[in-house]
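Trainee: Taken in order, the sequence shown gives residues 295 to 525; the numbers are from my numbering. Even glycine gets a Cβ: it sits at the ideal position worked out from N, Cα and C. From a predicted model like this one, the values you see are computed outputs, not experimental measurements.
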Amino acid sequence: MPSLMDYLPAIFGILDTEPEISPTFLDLNFQEGDDLGSFKYVQTQNHIVLKCQCGRQTQPYLIKKTLFDRVYPTQGKFACAICLLEQRNAKTIKDHLKLVLAQNKDKIKKNAHLVLDFSSDKIYDPVKQQMVRIKRLVYELYYNVELDKNQKVLVTCGSKNCVSPEHLLVAASPATKVTPEMRNDIKTWASNKMSNTTIQNLVSQKYQRSISLRTIINVKKSFTVCANLAI
Ligand SMILES: [Zn+2]
Ligand SMILES: [Zn+2]
Numbered sequence: 295m296p297s298l299m300d301y302l303p304a305i306f307g308i309l310d311t312e313p314e315i316s317p318t319f320l321d322l323n324f325q326e327g328d329d330l331g332s333f334k335y336v337q338t339q340n341h342i343v344l345k346c347q348c349g350r351q352t353q354p355y356l357i358k359k360t361l362f363d364r365v366y367p368t369q370g371k372f373a374c375a376i377c378l379l380e381q382r383n384a385k386t387i388k389d390h391l392k393l394v395l396a397q398n399k400d401k402i403k404k405n406a407h408l409v410l411d412f413s414s415d416k417i418y419d420p421v422k423q424q425m426v427r428i429k430r431l432v433y434e435l436y437y438n439v440e441l442d443k444n445q446k447v448l449v450t451c452g453s454k455n456c457v458s459p460e461h462l463l464v465a466a467s468p469a470t471k472v473t474p475e476m477r478n479d480i481k482t483w484a485s486n487k488m489s490n491t492t493i494q495n496l497v498s499q500k501y502q503r504s505i506s507l508r509t510i511i512n513v514k515k516s517f518t519v520c521a522n523l524a525i
């Protein structure tokens, strides 16, 4: 049994001077309990019993019902001591996300969506020094793989905000459809100051291929880069 004196002040901001708690662990149905941060909790006659959703507590935490309206997250968040320690030690975005996944372990299943509490679908990765899609990071962490640039992470469940690894799929992006001949023509047409839409039409007439305006812009960009490198 974790000591009352350890978790009550440290996690819930409560000093309880009467350590009168039920020492027996009750087999309670936490699945149907309420949420408090990372905890699921259920009520017994005199206590609120809390279990962190990371599933790593050896015993649930107990708080007397009479004290429950005084709890506050002293460490910024309600979670078990193990999670809070990891949170303090989390340095990179990946560490942080790994922790979030551990805490939501029970919610990762085929028949449920997982929506995380991030304000955007991208976060800044200080290691890569760029914005990274959360879904992509989730996939890499959960399946312990490193995706390369051509691999795209798709959501299969149709829910815009879901990042459940069970609903993510990796697809290789289609290889570029631009042949060297097309590149040369695009170069010529671009140097003749033709608009991207005109170039798109010309490509479609000459090669019976439809390419996106974005592809045309990228191809044109690659010429600029080459030209700059040549100088
Ligand atoms: Zn935990
Ligand atoms: Zn989903």
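Okay, do the region 368–388 and the region 421–437 touch, 3+ Cβ pairs below 8 Å being the bar?
Mentor: These segments touch.
Trainee: Quick one, which of Ser489, Ile511, His341, Asp411 has its alpha-carbon nearest Val457's?
Mentor: Closest by alpha carbon: Asp411.
Trainee: Which first and last residues belong to the beta strand (DSSP E) in which Arg427 is found?
Mentor: Looking at the DSSP string, the run of the beta strand (DSSP E) that includes Arg427 is 424–427.
Trainee: Run the Cβ filter for me: residues under 7 Å from any heavy atom of ligand 2, listed in the order they occur in the chain.
Mentor: Qualifying residues, in the order they occur: His407, Leu408, Val449, Cys451, Ser453, Cys456, Ser458, His461.
Trainee: Is it true that the CB of Gly307 sits closer than 7 Å to the CB of Thr352?
Mentor: Taking 7 Å as the Cβ cut-off, Thr352 and Gly307 do not qualify as a contacting pair.
Trainee: Which one of Asn478, Ile417, Cys377 has the shortest CA to CA distance from Lys500?
Mentor: The option with the nearest alpha carbon to Lys500 is Asn478.
Trainee: Given this structure, state the Cα-to-Cα distance separating Thr450 from His461, to the nearest angstrom.
Mentor: Distance between the alpha carbons of Thr450 and His461 is about 5 Å.
Trainee: Report the three-state DSSP secondary structure of Asp321 (helix, strand or coil).
Mentor: Coil, per DSSP.
Trainee: May I ask you to report which of helix, strand or coil DSSP gives Ala484?
Mentor: Three-state result, Ala484: helix.
Trainee: Relative to the C-alpha of Asn444, which candidate in Phe333, Arg430, Leu395 has its C-alpha closest?
Mentor: Of the candidates Phe333, Arg430, Leu395, the one whose C-alpha sits nearest the C-alpha of Asn444 is Arg430.
Trainee: From the DSSP output, which residues share a beta bridge with Asp419?
Mentor: In the DSSP output, where bridge partners are listed per residue, Asp419 has Gln424.
Trainee: If we count the other Cβ atoms within 10 Å of its Cβ and call it buried at 16 or more, is Gln397 buried or exposed?
Mentor: Buried: at least 16 other Cβ atoms inside 10 Å.
Trainee: State the Cα-Cα distance for the pair Val447 and Asp310, rounded to the nearest angstrom.
Mentor: Approximately 49 Å between the Cα atoms of the pair.
Trainee: What is the residue span of the alpha helix (DSSP H) that Tyr240 lies within?
Mentor: Here the chain comprises residues numbered 295 to 525, so residue 240 is not present and cannot be evaluated.
Trainee: Just verifying my parser: in three-state terms, what is the DSSP assignment at Cys374?
Mentor: In the structure shown, Cys374 sits in coil (DSSP, three-state: anything other than H, G, I, E or B).
Trainee: Check the C-beta distance from Ile511 over to Gln494 and give it rounded, since I have them as a contact under 8 Å.
Mentor: About 11 Å separates the two Cβ atoms, so there is no contact after all.
Trainee: Considering only the beta carbon of each residue, do Lys392 and Leu322 sit closer than 7 Å?
Mentor: Contact flag unset, no.
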